[in-house]
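Engineer:
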Amino acid sequence: MKKYLKLIALLLIILISYFVFLRLKPMSEIPEFEYSSINNELFSNKNIKESDKNIIFLYFSCKCGDCKELINNIENYKKLLEEYEIILITTEKNIDTIKEFVKVKEIEKLNIPILIDVNNNFPSDFSLGFSINLPKVLVFDKNGQLIENVNPFTGLK
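The sequence shown stops at residue 194 when you use our numbering, and every number in between is there.
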């Protein structure tokens, strides 16, 4: 019986270590991912078109005041869309809450996808660790390589 308990404990340690590694491994390029859109369509890294534009992933929560200010500033998007492809990803699961939070019609006119992180995979998919501040802005170049310390919404570089 003690052998089985030791074996189970060892397996648990291995599994926990693996999941910790997934969250903390360094990321340098757009990872494989798959999220549902607010239109209930699947969107993955394969949906990102090759173009001359850099890519912004904006991860937000509908319960976050800073997120609301950034998400609903449509003028920001209009300026950024010349140089960037923008992808919004939310932690919220309720589509009605998302639509109420986000000026959906205006964003849809700009052809910006709004994705739902149903299983809370974004932090591990994008190697963000365990504690992140929202909104989280990640910028990748046109080749899918992470550009560090850039936030085009605030002009910080």
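We put the beta carbon where it would ideally sit given N, CA and C, even for glycine.
Computed from a prediction, not measured in an experiment: that's the story for all the values here.
By DSSP, does Lys146 sit in helix, in strand, or in coil?
Structural biologist: Here residue 146 corresponds to residue number 109 of the sequence shown, with the count starting at 1. Of the three classes helix, strand and coil, the one that applies to Lys146 here is helix, per DSSP.
Engineer: Buried or exposed for Ile53, please, with buried defined as at least 16 other CB atoms from any protein chain shown within 10 angstroms of its CB.
Structural biologist: To locate residue 53, count along the sequence shown from 1; it is residue 16. Exposed.
Engineer: What residues in its chain sit with their C-beta under 7 Å from that of Cys99, if we drop five residues either side in the sequence?
Structural biologist: Residue numbering aside, residue 99 sits at position 62 when the sequence shown is read from its first letter. Around Cys99: Thr127, Glu129, Thr134, Ile135, Phe138.
Engineer: Can the beta-carbon of Glu71 be found closer than 7 Å to that of Ile111?
Structural biologist: As a position in the sequence shown, residue 71 is number 34, starting the count at 1. As a position in the sequence shown, residue 111 is number 74, starting the count at 1. Result no, Cβ atoms of Glu71 and Ile111 do not sit closer than 7 Å.
Engineer: Whose CA, out of Ile153, Ser88, Lys39, lies closest to the CA of Leu95?
Structural biologist: Numbered from 1 along the sequence shown, position 58 holds the residue referred to as residue 95. With distances taken between Cα atoms, Leu95 lies closest to Ile153.
Engineer: Report the three-state DSSP secondary structure of Phe14 (helix, strand or coil).
Structural biologist: Nothing about residue 14 can be read from this structure; the chain reaches only from 38 to 194.
Engineer: According to DSSP, Val127 sits in a beta bridge with which residue or residues?
Structural biologist: Along the sequence shown, read from residue 1 onward, the residue named residue 127 stands at position 90. Before going further, note that residue 127 is Thr rather than Val in the sequence given. Partner(s): Phe97, Ile153.
Engineer: List the whole-angstrom C-beta distance separating Leu79 from Tyr114, where the pair is believed to meet the contact cut-off of C-beta under 8 Å.
Structural biologist: Position 42 of the sequence shown, counted from the first residue, corresponds to residue 79. Position 77 of the sequence shown, counted from the first residue, corresponds to residue 114. About 23 Å separates the two Cβ atoms, so there is no contact after all.
Engineer: Quick check on the DSSP output: the beta strand (DSSP E) that includes Phe177 runs from which residue to which?
Structural biologist: Here residue 177 is taken as the residue at index 140 of the sequence shown, counted from 1. Taken as a continuous stretch (DSSP letters only), the beta strand (DSSP E) holding Phe177 covers 173 to 177.
Engineer: From the DSSP output, read off the bridge partner residues of Glu112.
Structural biologist: Translated into the one-based positions of the sequence shown, residue 112 becomes position 75. The partner list for Glu112 (beta bridge, DSSP) is empty, contrary to what the question assumes.
Engineer: If you draw a straight line from the C-alpha of Lys86 to the C-alpha of Pro172, how long is it?
Structural biologist: Translated into the one-based positions of the sequence shown, residue 86 becomes position 49. Translated into the one-based positions of the sequence shown, residue 172 becomes position 135. The straight-line gap from Cα to Cα measures roughly 24 Å.
Engineer: Comparing alpha-carbon positions, which option in Ser164, Ile132, Phe163, Leu48 lies nearest Ser73?
Structural biologist: Within the sequence shown, numbered from 1, the residue matching residue 73 stands at position 36. The shortest C-alpha separation from Ser73 is found at Ile132.
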